[in-house]
Amino acid sequence: MLRAIFSSPLNALLLAAPISWALAWQVPGSPWVFITAALSLVPLAGLIGLGTEQLARRAGPAWGGFLHATFGNAAELIIALVALRNGHVELVKASITGSIIGNLLLVLGLSFFVGGLGRRSQKFHRTSATNTSAMLFLGVVALVMPAVFDLSLYGSLNARPPALESLSFLSALILIAAYAGSLIYAFTAQRDLFRPTAEGGHERLFSTGAAVAVLASGTLLTTVQAEILVGAMEPALARFGFTELFVGVIVIALVGNAAEHYSAVTAARRDEMTLAVEIAVGSSAQIALLVAPALVLYSFAIGRPMTLLFNAFEITAIALSVLATAIVVVDGESNWVEGLQLLSVYLILALAFYFVPHLG
Amino acid sequence: MLRAIFSSPLNALLLAAPISWALAWQVPGSPWVFITAALSLVPLAGLIGLGTEQLARRAGPAWGGFLHATFGNAAELIIALVALRNGHVELVKASITGSIIGNLLLVLGLSFFVGGLGRRSQKFHRTSATNTSAMLFLGVVALVMPAVFDLSLYGSLNARPPALESLSFLSALILIAAYAGSLIYAFTAQRDLFRPTAEGGHERLFSTGAAVAVLASGTLLTTVQAEILVGAMEPALARFGFTELFVGVIVIALVGNAAEHYSAVTAARRDEMTLAVEIAVGSSAQIALLVAPALVLYSFAIGRPMTLLFNAFEITAIALSVLATAIVVVDGESNWVEGLQLLSVYLILALAFYFVPHLG
Amino acid sequence: MLRAIFSSPLNALLLAAPISWALAWQVPGSPWVFITAALSLVPLAGLIGLGTEQLARRAGPAWGGFLHATFGNAAELIIALVALRNGHVELVKASITGSIIGNLLLVLGLSFFVGGLGRRSQKFHRTSATNTSAMLFLGVVALVMPAVFDLSLYGSLNARPPALESLSFLSALILIAAYAGSLIYAFTAQRDLFRPTAEGGHERLFSTGAAVAVLASGTLLTTVQAEILVGAMEPALARFGFTELFVGVIVIALVGNAAEHYSAVTAARRDEMTLAVEIAVGSSAQIALLVAPALVLYSFAIGRPMTLLFNAFEITAIALSVLATAIVVVDGESNWVEGLQLLSVYLILALAFYFVPHLG
């Protein structure tokens with residue numbers, strides 16, 4: 209357990225958790241509750257990732273892939289489930305958007321940039337990158353059609369016809385089925401489309417029992433901190449003048465993907481670009497094909513249906529990110545200028561989200 | 209002739225033709241007239257394809273390419289001409305959309321899926337696939353601009369300014385000229401961009417005379433059945449609660465492309481992926497660059513101008529299909545998961561078309 | 209100086225300059241002033257290019273790249289600056305659009321077409337082409353977001369919220385920073401992403417002093433002719449029934465890019481396709497990432513802010529051109545049919561721009 213905690217310098221941020229409890233108890237309306245809860249989620253996402261990694265290592269590529277699929281984006285999923293239960297539908301959609309564009313532009317961009325500095329260019333395996341881009345594009349289709357539906361039939365994105373719920377529900381099932389197909393392929397072809405298991409990564413740090421313990425306590429603590437985060441959001445929004453859209457797309461996504469950031473960028477620095485690309489692009493695909501549809505199904509289960517109807521900014525941002533990624537990875541080569549380009553795209557999108565006023 | 213009929217198990221469906229005649233005579237308002245006429249068109253499209261194939265085999269690659277260009281999508285073209293003459297403009301546009309997305313997603317997806325089962329991956333020639341994707345993209349541009357025109361100038365897709373007709377007419381001429389250019393290239397470079405003639409396919413089944421006879425009788429019978437189909441559509445729509453849009457995009461397109469389906473999937477199963485990809489993508493390009501503009505020109509000739517103004521669902525579906533295909537074929541490699549992805553995209557688009565109410 | 213003038217047959221058009229002066233003096237309202245001023249700009253753009261080329265040749269790849277970056281699209285930039293100072297914001301945006309799509313579709317299309325005639329196919333270096341496509345895509349993102357902003361928040365492209373100005377200004381800074389990054393990469397990696405400096409091009413024609421003189425007088429004369437052109441536009445528009453949009457997208461862009469046209473097409477004819485592709489695609493990227501943002505910053509400096517909000521036609525045209533280019537260059541191979549396709553896309557877009565009425 210302690211070994212897990214000392215495995216990364218980021219884990220010093222775990223100290224933010226007790227601070228957030230103290231603040232939530234003493235000054236419940238303070239924006240600092242939100243900030244400390246957010247900070248504490250960064251190492252927690254990393255610990256869940258580490259526990260998964262350690263278990264996956266013992267489980268072989270097939271079951272390992274399955275574990276990654278289930279717990280790979282656990283932090284994002286938990287935060288979203290808590291937000292959904294508290295009725296913050298727009299925040300959930302925004303955080304889905306932010307996770308996808310964050311992984312594609314920020315994580316991949318930083319990996320290209322940091323990895324490329326001092327090198328003329330870096331190569332990576334393009335087939336798997338292209339495969340995952342195709343997977344992502346399927347997610348784009350599922351997210352675009354409800355908006356086309358609404359816009360073309362009702363002239364706005366505010367109509368809520370019942371067909372939209374059916375379309376979202378069935379699309380979610382199709383996405384999950386496609387995702388399950390890729391897991392079966394990983395089982396049979398002994399190749400994980402989303403995450404490489406053989407190369408790179410951590411060595412075996414601790415026993416199976418300890419790994420399960422890390423995973424369990426990480427998941428539990430993440431849930432607690434997510435509750436505090438969501439509960440403390442209102443005063444923080446008011447204090448900083450942020451919208452729920454901006455917090456979801458930028459802040460929540462940054463927090464939830466910090467672990468991916470760290471792994472991908474360090475891999476890129478070691479010139480293991482195939483690993484870095486697969487972490488970034490694979491994680492995005494998991495959000496689009498597993499996390500987002502799972503949230504839709506959960507929302508139907510709790511009787512507060514969330515559709516796959518995203519707003520125009522979110523759709524444009526996701527579509528542009530996926531196309532930018534497809535263009536950048538197609539040649540299997542990167543350099544730091546390409547990283548800079550992806551980061552610039554992220555910055556422009558983030559600015560646009562920042563300037564969107566409260567959508568009322 | 210009999211040899212042609214016994215060449216494929218699908219031809220048993222020819223029996224549906226006389227049944228449709230009996231039904232149309234006895235119970236003219238029954239939806240079964242529509243169903244049997246639709247079923248009978250499946251083998252007819254195949255017979256026209258077979259006759260073309262047999263003639264093309266004798267004609268060498270250049271003239272063979274020309275024959276394929278003219279008769280390759282004859283069934284779709286005949287059904288559309290009949291529908292156009294009877295004033296079903298929306299049905300024609302929907303069937304153009306359906307043929308393009310059906311070939312790109314359903315035919316290609318099934319080919320990847322069926323071909324990939326039990327194999328780790330399959331390879332195909334990527335240059336020709338990319339060439340044809342570019343050709344298809346030209347079609348996308350021609351179909352998108354009228355909608356941009358209408359939407360941005362008039363705020364809706366219901367305006368019908370005269371400029372739209374001029375734009376559609378001239379765009380149709382440009383598309384046909386570009387298509388003619390590719391035929392000339394095939395003549396001079398001895399390479400058919402759309403369909404491979406050398407590898408795979410049927411051996412010489414019968415004499416030139418018999419091939420012409422198959423072609424002629426297939427074309428004639430297709431026209432008859434198309435008339436019955438279009439005439440019997442209204443009661444079938446009412447009975448099943450389908451819209452003209454859904455029937456055009458899904459049903460008519462399935463019927464008209466059944467022959468391509470069969471050839472592509474069997475080629476994929478034999479691991480001849482280059483052939484399978486070229487049938488699927490090449491057939492889509494023919495629809496966009498030859499069939500669609502030919503229908504526009506015909507509509508102007510009969511004095512009931514059809515523009516290239518498609519609705520938002522059709523444009524989105526076509527654009528997403530072309531981009532999905534471009535992303536999938538770019539690496540020259542496929543596996544059954546990629547097939548599953550394309551099929552999932554098709555399913556989501558089909559669902560969206562299903563949920564569109566009568567557009568009034 | 210004379211040597212520079214006799215270096216290209218296009219320079220005979222320099223005679224149009226004094227004619228435009230005479231006409232502007234004698235018959236100031238005549239559309240011929242506009243025509244002769246436009247014609248005179250063709251060789252001037254070429255002379256600036258030649259002067260830059262000659263200086264760059266002495267300066268080595270790194271500083272040469274910087275010179276190309278600064279003076280590469282000087283003619284377009286000067287015309288746009290003059291138009292901006294005279295308040296023709298729509299003309300400036302239209303000419304930016306026209307330069308991007310003109311380079312991608314017309315210059316590249318003609319290069320593929322003319323280069324490919326009589327050849328089965330031509331090869332080029334695909335990594336640099338894909339790199340530059342990614343760069344271009346960044347430009348697309350910056351141009352699309354303001355429109356999404358306006359459309360989704362205000363339901364039209366006519367709203368002018370203050371956030372739009374901030375978004376445009378900051379996006380312009382980001383674009384220029386990304387462009388600067390690529391220059392630094394060229395300095396350090398000794399590779400110019402935008403223009404090849406080693407192969408092809410002219411030999412050393414004249415001394416450094418003469419090159420500077422050519423550059424200076426070319427720039428000065430271009431400014432004079434741009435003033436005449438912009439001043440004489442109104443009567444010409446009225447005479448030919450053109451809109452400012454059409455003149456900007458087609459006429460001004462043709463005039464400003466004539467030099468690129470000539471260099472790219474002659475390179476393609478010599479089978480130096482890597483050079484031709486880099487001139488065409490690189491010049492577009494320069495417009496999007498340097499010229500357009502520089503104009504935005506200049507407009508803020510003179511107190512008449514121009515945003516990056518383009519109209520729906522312009523955005524669609526740019527996005528479609530970039531995607532078409534990305535699809536066509538991805539395989540590193542071209543033939544004349546691909547050229548014909550790009551030209552067809554250009555023609556369809558030009559037709560659409562022609563049919564757009566005065567946007568009021």
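Chains as they are written, first to last, in my numbering: chain E, 209 to 568; chain F, 209 to 568; chain R, 209 to 568.
Virtual Cβ for every residue (Gly too), placed ideally from N, Cα, C.
Check, Outcome
"Buried or exposed for A406 of chain E, please, with buried defined as at least 16 other CB atoms from any protein chain shown within 10 angstroms of its CB.", "Low confidence applies to A406 of chain E: its pLDDT is 44, below 50, so where it sits in the model is not reliable, and the reading given next is rough at best. That one is exposed."
"Would a check of beta-carbon distances place R318 of chain R closer than 8 angstroms to chain F?", "Going by the sequence as given, residue 318 of chain R is Leu instead of Arg. Not one chain F Cβ lies under 8 angstroms of L318 of chain R."
"So, are the CB atoms of V422 of chain R and L258 of chain R less than 8 angstroms apart?", "yes"
"Can you find the residues in the same chain that come closer than 8 angstroms, C-beta to C-beta, to V420 of chain F, ignoring five residues on each side of it along the sequence?", "G259, L263"
"Going by DSSP, what residues sit across from E541 of chain R in a beta bridge?", "R:K331"
"Using beta carbons (cut-off 8 angstroms, strictly below), is F448 of chain E in contact with chain F?", "no"
"Please list the partners that R393 of chain F has in chain R, where partner means a Cβ-to-Cβ separation under 8 angstroms.", "A small correction: the amino acid at residue 393 of chain F is Tyr; Arg does not occupy that position in the sequence shown. Here the neighbours are N543, W544, V545."
"Could I get the ranges of all uninterrupted alpha helix (DSSP H) runs contained in the stretch 262-296 of chain E, with 4 residues as the minimum, in chain order?", "282-293"
"In three-state DSSP terms, what is I510 of chain E?", "coil"
"CA-CA distance, S415 of chain E and E468 of chain F?", "56 angstroms"
"Cβ-heavy atom distance between P513 of chain E and the ligand ADP below 7 angstroms?", "This structure simply doesn't include the ligand ADP, nor any ligand for that matter."
"In this structure, does DSSP put T570 of chain E in helix, strand or coil?", "The structure shown has nothing for residue 570 of chain E, since chain E only spans 209 to 568."
"Please determine, among R:T244, R:P236, R:L292, the residue with the shortest C-alpha to C-alpha distance to L223 of chain R.", "R:T244"
"Which chain R residues are close to S360 of chain F, counting only those with a beta carbon under 8 angstroms from its beta carbon?", "L365, N519, A520, F521"
"Say whether chain F places a C-beta atom closer than 8 angstroms to the C-beta of L375 of chain E.", "yes"
"Does R368 of chain R have its Cβ less than 8 angstroms from a Cβ in chain F?", "no"
"Tell me whether N465 of chain R sits in a helix, a strand or coil according to DSSP, three-state version.", "coil"
"Taking C-alpha atoms, which residue in E:I309, E:A424, E:A291, E:G317 lies nearest to A440 of chain E?", "E:A291"
"For E480 of chain E, does the three-state DSSP call read helix, strand or coil?", "coil"
"Using a C-beta cutoff of 8 angstroms, does I382 of chain E count as contacting chain A?", "Given the protein chain composition of this structure (E, F and R), no chain A is represented."
"Excluding the 5 residues preceding and the 5 following S248 of chain F in the sequence, name in chain order all residues of the same chain whose CB lies nearer than 7 angstroms to its CB.", "L221, L222, A224, A225, S228, Q433"
"Here's the rule: buried if 16 or more other CB atoms are within 10 angstroms of the residue's CB, otherwise exposed. What is Q571 of chain E?", "Beyond the ends of chain E as shown, which are 209 and 568, falls residue 571 of chain E; an answer cannot be given."
"Taking all protein chains shown into account, decide if V569 of chain E is buried (16 or more other Cβ within 10 angstroms of its Cβ) or exposed.", "Missing from the structure shown is residue 569 of chain E; chain E here goes from 209 to 568 and no further."
"Whole beta strand (DSSP E) runs in the stretch 293-325 of chain E with 3 or more residues, listed along the chain?", "none"
"If you measure between the beta carbons of Y562 of chain F and F454 of chain F, is that distance less than 8 angstroms?", "yes"
"Excluding sequence positions up to five away, which residues of its chain have a Cβ less than 7 angstroms from the Cβ of G409 of chain R?", "Unreliable positioning characterises G409 of chain R in this predicted model, as indicated by a pLDDT of 48, which lies under 50. The coordinate reading is nonetheless provided below. Taken in chain order, the residues that qualify are E261."
"Going by C-alpha to C-alpha distance, which of R:S552, R:E435, R:F450, R:V536 sits closest to E284 of chain R?", "R:E435"
"Going by C-alpha to C-alpha distance, which of R:A337, R:M514, R:G326 sits closest to V297 of chain R?", "R:M514"
"Is there a C-beta anywhere in chain E that falls below 8 angstroms from the one on T305 of chain F?", "no"
"What residue range is occupied by the uninterrupted alpha helix (DSSP H) comprising I436 of chain F?", "416-439"
"Quick one: grab the DSSP three-state call for R447 of chain E.", "helix"
"Would you please verify whether the beta carbon of T278 of chain R is less than 8 angstroms from any beta carbon of chain E?", "no"
"Against chain F, does V356 of chain E count as a neighbour if the rule is that its beta carbon must be under 8 angstroms from one of theirs?", "yes"
"Quick check on this structure: which residue in R:E442, R:Y387, R:V504, R:V315 has the alpha carbon closest to the alpha carbon of L375 of chain R?", "R:V504"
"So, with DSSP's three-state summary, where would you put T405 of chain R?", "With a pLDDT of only 46 at T405 of chain R, under 50, the local geometry of the prediction cannot be trusted, and the value read off the model is given with reservation. If DSSP states are grouped into helix, strand and coil, T405 of chain R belongs with coil."
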